[in-house]
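Here is the structure we will look at, set down as structure tokens.
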Amino acid sequence: MPRYITVTSLLNKTKKRDPWFLDDYTINPYSGCAFNCLYCYIRGSKYGINMADKLSVKADALTLLRRQLAARAAKQQQGIVVLSSVTDAYLPIEEKERLTRGILELLLEYRFPVHIITKSPLVLRDLDLLHRLNENAILPPDLAKYSHRAFITFSFSTIDPVIGKQFEPGAPDPSLRLQAMQRCATAGLMTGVSLMPLLPFITDTPEQLARLYAAFHEHGARYVFPASITLWGEEQADSKQLVLQAVQQYYPQFSGYYQQLFAQHTGVPTAYNSALQAAAAAAAAPYGLLPRIPVE
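Structure below.
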């Protein structure tokens, strides 16, 4: 069972807008995560190996958020709100709690644009609100060139269901995400993919990238953000240890390579990353898939 906690702030102002996610603000209605992805950057002793055990609901979120949004709106400080920067806003518990839906209702009331990043098809439940946000939200002046005000980005590290279960044991099947993305695209919303993290030698080969980009195009994506994996931590619950153990268990032929890649650094070497970005660009080119949200 989740815990119910109180917080002092829900709407967080970002210091610098990310060029991928266009975030002026972030909101995380939950903490902990039932999806339990091994590579998750928030992992560690705070949440333990099974992050679902520490799932928390921010019980006072809507009251607090109304106050914060009203204050910002009064100063005409509407900006793109990212749901979510840390924990998926559409965890299974959202079906009961409906906290994310309540947040969207408040964003609509105060006309804040939204960018949802999720692994869950549950976002389809809220297409009605997202349509209204897309029509009525107010973009900040320097983003006025964008014609959309609601963006939905689906998170993938793979579209292979076996690999998905190995590295994202609690997340919805990738096929369900693809289907949800197609429905969002068909509904006229700006939709794309956060292809993070790609798993070295497992999901980032040219052959895998070609398969990924073909599937994303087929299911309505307009953009794809590709990035390799970052791992850190020496404790049992840290992402580095959990991913290295999974690679040793399922892909022992690559275990030595992972040990070398992450022996001294948290990320892949610069040369490796440059080659990956070039391969991703080559895979995207036949479909016109952009590495950024398109202005149109």
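In my numbering, each residue's number is its place in the sequence shown (first place is 1) plus 4. The beta-carbon is built from N, C-alpha and C at its ideal position, and this holds for glycine as well.
If distances are taken between C-alpha atoms only, which option among Q257, Q281, I297 comes closest to I233? Of the candidates Q257, Q281, I297, the one whose C-alpha sits nearest the C-alpha of I233 is Q281.
Between R226 and R115, what straight-line distance do the alpha-carbon atoms span, to the nearest angstrom? Approximately 24 angstroms, taken between the alpha carbons.
Using only the alpha-carbon positions, how far apart do L68 and A93 sit? In this model, L68 and A93 are separated by some 17 angstroms (Cα to Cα).
Near A141, which residues of its chain fall below 8 angstroms by C-beta distance, leaving aside the five closest residues on each side in sequence? Result list for A141: Q82, L111, L112, R115, F116, P117, V118, R153, A154, in chain order.
Going along the chain, which unbroken runs of the beta strand (DSSP E) with 3 or more residues stay wholly within the stretch 151-202? Runs of the beta strand (DSSP E) inside the stretch 151-202: 154-160, 194-202.
Using only the alpha-carbon positions, how far apart do L293 and V228 sit? So the two alpha carbons sit approximately 7 angstroms from each other.
Within 10 angstroms of the Cβ of Q80, are there 16 or more other Cβ atoms? Answer buried if so, exposed if not. Counting other Cβ atoms within 10 Å of its Cβ, Q80 stays below 16 and is therefore classed as exposed.
Y276 bridges to which residues according to DSSP? Answer by DSSP bridge pairing: none, since Y276 is not bridged.
So which of T30, F25, F39 has the shortest CA-CA distance to N16? Closest by alpha carbon: T30.
Candidates Q268, L216, R296, K169: which alpha carbon is nearest C41's? Measuring from the Cα of C41, the nearest candidate turns out to be K169.
Apply the 10 Å Cβ neighbour rule to H223 and answer buried if 16 or more other Cβ atoms are within range, or exposed otherwise. Label assigned to H223: buried.
Determine, using beta carbons only, whether V90 and F25 come nearer to each other than 8 angstroms. Contact annotation: V90 and F25 have beta-carbon atoms that are not nearer than 8 angstroms.
Who pairs with V118 in a beta bridge, going by DSSP? Answer is V85, A154.
Using the three-state DSSP reduction, which class does G271 fall into: helix, strand or coil? If DSSP states are grouped into helix, strand and coil, G271 belongs with the strands.
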